[in-house]
Structure formats: C-alpha cells, structure tokens
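So in full-length UniProt numbering, spot 267 of the sequence shown is number 267, and the numbers just go up one at a time.
Take a look at the structure set out below.
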Amino acid sequence: MQRCVQSGITEDRMTLDLKEKAHPQPHYNLLTSSPAPPPSTTKVPSTPTPTLSVAPVPPSGRLSDDVYHLAAALFQQHRAEKPIHHCLIHYGEKTDAPLPESPDKSSQKQAYQLAFNTLTYQDLLQDIITDCCFITTQHMPQDLLPLVMVMLFDLQDRKFLPRQRSTQEGEGQMPEVREVENSLDRCKTHLSASLARYRIKNGLLHISCVLPDSIRTRQHRAASLPCYAWVNTHTTSLECVCEVLSGVGVCEVECISALKGNVFCRDPLCSDTLVFSQNVSTLLQQQNTLMTQHTLNIQDRSVCLAVSSLRPLLSEQCDVLLLGSFSGLTVTYIAVQAAACSGWVLLCGGDHSPEQRQDIQTTLNHHDMKNVRVLEEGFQELDVWNPSVQRVKAILLLPQCSVTASNDPLDTILTEHGGQETLICSRTCAMVPSPRTDYTH
C-alpha cells in the first residue's frame, strides 16, 4: 500500500511551524523555505505537485588547501608501515603532533574521506609514483610525500583534470600545496600512463578491482543500505512529518524491501523513526526544511535502536544518566524521549572534553531541548548518595566501541566522537577496560 499526494496542487501547504498546523500561517514552499504568494481566486491550469529532484553534482576538484593539508596529516598518522627493505617510499617518522584545524565540518568530512581513500589504495599509489620516478625527477622532500599521496588520489579520481579552485579561497592558499600540485601537473601524463600500465598488467577494469572481494562486497552493501531518521516528537508528530513528505512526492510504503524511488517507510522497531533510500536521504538534506529545522534527524541505526530500548524503562519524572562516547545529536534524541515523561538527562561532564561539551550544548540549542543537566563530576566520582542522581531510574552506557565492522566508520568518527583509534584493530583492546570499569561501578 502506498499513500501519495495526487498532482494538481501549485503550492505546498506546509508551514514552517509544525506545532501550529491548525492555525492559519503564511504559505511556504517546502523545498526552498521561501514564502509563497497567497493562493489566487482565479482558476489556473493544474501543475504537478512539488517533488524531490536529482540535485546537480558539485564540480569535481573543488577541494580546498585545508582539506589536502588535514588529509595528509591523517594519512601520515595511519599509513601502513612495512619492513625497511620492502618500502617503496620513505615518509619519515610518524609523530603525535596535533591535527591541523578544519575550517568547518564539511571540509573535515572531505579530508577524512580523502585520507581514508588514500589509505585504502596506498600500495597502488606507491607503485604509480615509483614507476614514473616522480620523487627523483621532482626532487620531492620526505615531509611532503603524504601530501603527494592524498593529492595524487584526488588527481586520478577526477581523471587527471585540473583542479577548479573556489573563488573564496584566495588568501588561504598554502605554498606546499601549490608546490605539490605543480609537480603533479608536470608529471600527470607519466602518472596517468603508469596507472594505465598497472591496470593492464593486473587486468583491472577499475582501480577498485585491486581490493579483496570481501571489501568490495562491503562497500557495495554500504552504498545500498537505507538511511534512518528519527522525528523530533518534542516539536511535532510522526503523522505530521509523513504528511509533509507525501506533500513533496515522497510516498509511504509498508516495508523496507519496497524502498525504490522516492518513497519511505516506518521503522518496525523504532516507533519514531523513518527509513529512506540513500538517494532520497541526500535530496532531503539538500532541499527540505524538515532537515534544516531539525524536525527530521538522520542517524545511524545502532543509535536509534539503543535509544528506543531505553523508552520502556522510562516512567513519569524519572531521570536518565548517560555515559560513554556519543554526540550532541544522541544526547538530544535521549532528551526527547525523557521529555515525554517530564524527565531529565544527566551527563557526566568530567568524562568529556570542553570541545565535546560545547558540541553537545550547540546541538541541544538547535533543537530547543532544555532538559539536559551537565554534572561537574565524572561517572567514577559519583555515589548513590549524590543528590543529583536520586531520581535516576535508568543508566545508558554507550562505550567507545570498535568501528572496524561498520559500513561507514567515518560517520561514526565524525558524528559520534568515535576517535580515530577506533579504526585500528590493534587499539580496540585498549578501549575495553573503561566501559568495563563503568559497568562495575
């Protein structure tokens, strides 16, 4: 069964304040958030209902110098090391220097994605650089080789076409990025030929064919997995959001297996969660006020399930104690559940850095949630006689787990305060004692 709005409506009847739906409001176009003119009394030819359309793909080669700089630092920290007699390229010693600051979250995500891709194809890129004698002909110093690797991956990814610089970059240009870019540009014909020889020699239709079948299967599954988004029921209702989605041509279907095209369904396990295909999710983030107003919030399924499991434990005026590794969005989701029972969410501030506390507070402000209290103590410093925890009926522990089995580890690192060490299997054992100690306490 599908529930979809028929064509023939010129303007969307969605208002920005979903709580005040029953009261007269100005008309808004849901896809642009701009006021629409009042409906005319004269009859006009019917036009199709507004629908989500495919957004234009952003031009390739628009990465900033800051993105390259951060990606190179990440690559240097996490690159695979081989015995000295097997090394094709010598990058110099690894250091524990702090990572460069990222100007915004979008640039940070681009940098992490570029570094992750470069690490994935490290052996292939090293073979290309060695085959065309890039280091010796360009006299490239060791400290710039991580930058060479990340910029080479980006260069081949855009088919060796020139980089299109943003008009806002101007003063933010870095000399070392210019130096490496010019060197790659001078050798791009040789680099392209080396890549072609490598593919012919190994019979590769695409560079992804160099990866093991298990990794390629996992990447394919990750690209086809649905996205989950919970509704902020503190400000609106699930039914109202479903009506809004139907109003822009996103129809409701009964099960996840029917998620093909512009459709969505309800999560059978989480009563306040909707499920979308990745294409629809991307379009909603680009064009829809439900996302910009934080009415609909995309988050990993594991988080949605954890918070949903907490709901049956909540009773009237009971508090929730939260500890572990989590994002501001996770705290907000729990606060929404607690608010339905007039409860508070308690956060052990001593267990989090000032940056994490600021991120949590910013997210709470965006969602207008005021039922979260940050305690000065860490969890290990609390005792049962502390006045702050007398109403606590449930404790939710979200440990900093390994994301090596996650389909999208970067999302966990960037949005859930996962930490880069969660990508490295050899370090996951070091994470076990902390949640075990918390559980014992």
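For each residue, glycine too, the CB sits at the ideal point set by N, CA and C.
Owing to the predicted nature of the structure, the values given are computational and were not obtained by experimental measurement.
If the five residues before and after C270 are omitted, its C-beta is found closer than 6 Å to the C-beta atoms of C304, S308, all from its own chain and listed in chain order. In this structure T332 is buried. Its beta-carbon is surrounded by 16 or more other beta-carbon atoms within 10 angstroms. Each of V336, A80, H352, L274 was checked against the Cα of G378, and the nearest Cα belongs to H352. A73 sits close to L99, with the two beta carbons spaced by under 7 Å. DSSP places R373 in the uninterrupted beta strand (DSSP E) bounded by 372-375.
Pairing C318 with K393 gives a Cβ-Cβ distance under 7 Å. When the five nearest sequence neighbours on each side are left out, the beta carbons in the same chain lying within less than 7 Å of the beta carbon of M174 are those of D65, H69, in order along the chain. Taking each of L184, L238, S237, N279 in turn and checking the Cα distance to C227, the smallest one comes out for N279. With a 10 Å radius around the Cβ and a threshold of 16 neighbouring Cβ atoms, S325 comes out buried.
Under DSSP, the beta-bridge partners assigned to G324 are L398.
I215 and S208 have their alpha carbons spaced roughly 9 Å apart. The beta carbon of N232 sits closer than 7 Å to the beta carbons of H294, T295, N297, V336, H367 from its chain, once the five residues preceding and following it are set aside; these are given in chain order.
Beta bridge pairing from DSSP links T136 with no other residue.
Taken in chain order, the complete alpha helix (DSSP H) segments of 4 residues or longer contained in the segment 214-284 are 238-247.
Straight across, the Cα-Cα distance linking V177 with L145 is about 11 Å.
Boundaries of the alpha helix (DSSP H) around N117: 105-120.
Around the C-beta of I200, fewer than 16 other C-beta atoms lie within 10 Å, and the residue is accordingly described as exposed. Under the 8 Å Cβ criterion, the segment 189-198 does not count as touching the segment 242-256, having fewer than three qualifying pairs.
Sorting C87, S183, Y112 by C-alpha distance to the C-alpha of L63 places Y112 at the top. Excluding residues up to 5 positions away in sequence, V210 lie with their Cβ nearer than 7 Å to the Cβ of L204 in the same chain.
DSSP places D300 outside both helix and strand once states are collapsed to three, so it counts as coil. Annotated as distal: L119 and H90, with beta-carbon spacing of 7 Å or more. Look at L211 here: in three-state DSSP terms it is coil, with no helix or strand label.
In the DSSP annotation of this structure, the continuous segment of the alpha helix (DSSP H) that includes V150 starts and ends at 145-157. A straight-line Cα-Cα distance of about 10 Å links K109 and A71. With a beta-carbon spacing of about 6 Å, C348 and L375 fall inside the 8 Å limit used to define contacts. Beta-bridge analysis with DSSP links D319 to V392.
Per DSSP, V345 lies in no alpha helix (DSSP H); the unbroken beta strand (DSSP E) holding it starts and ends at 345-348.
Within its own chain, the residues whose Cβ lies closer than 7 Å to the Cβ of V389, once the five positions on either side in sequence are excluded, are L321, L346, L382, listed in chain order. If you check the CB distance, V263 and V253 come in under 7 Å. In this structure, N288 lies away from A339, with their beta-carbon atoms at least 7 Å apart. Taking K94 as the centre and dropping the five residues before and after it, the same chain places the C-beta of Q76, Q77 closer than 7 Å to its C-beta, in chain order. A direct Cα-Cα distance of roughly 52 Å separates R266 from N182.
Excluding sequence positions up to five before and after H220, its CB lies less than 7 Å from no other CB in the same chain. Looking only at L329, L323, D157, the smallest Cα-Cα distance to M369 is reached by L329.
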